[in-house]
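Numbering (the working numbering), first residue to last: 3 to 73.
1) At a threshold of 7 Å, does residue 23 count as lining the ligand NAP (C-beta to nearest heavy atom)?
2) Residue 16 and residue 33: beta carbons closer than 8 Å?
3) Straight-line CA distance for residue 54 to residue 44?
4) Thinking residue 28 and residue 21 are a contact (beta carbons under 8 Å), I'd like their distance in whole angstroms, please.
5) What separation, rounded to the nearest whole angstrom, lies between the Cα atoms of residue 40 and residue 67?
6) With a threshold of 16 other CB atoms inside 10 Å of the CB of residue 18, please say whether the residue is buried or exposed.
7) Quick check on the DSSP output: the alpha helix (DSSP H) that includes residue 43 runs from which residue to which?
As C-alpha cells, then:
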C-alpha cells in the first residue's frame, strides 16, 4: 500500500466479462451503452446544427479488487 488515493485499487474500464472472471474480480467502470446509443440516434435524427455536449455518467461496478478498500 502506498497511501496515495487510488494507487492500490485495480480497476478496469468497459466492464468486460473478463473483469468479472479475473481473480480477484476487477472493479470496473461500466459506460451507459444503451443511453449512448439512444443519444447518438437522437442527434442523428435532429441533424446538423449547434454542437451539443451530453454527459452520460458511467456506473462503478465494485468487485473484489477494491471492495474492502472503497469508502
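For glycine and all other residues, C-beta sits at the position ideal for the given N, C-alpha and C.
The answer reads as follows:
1) Of ligands this structure carries none, so the ligand NAP is not represented either.
2) yes
3) 11 Å
4) 4 Å
5) 32 Å
6) exposed
7) 35 to 48
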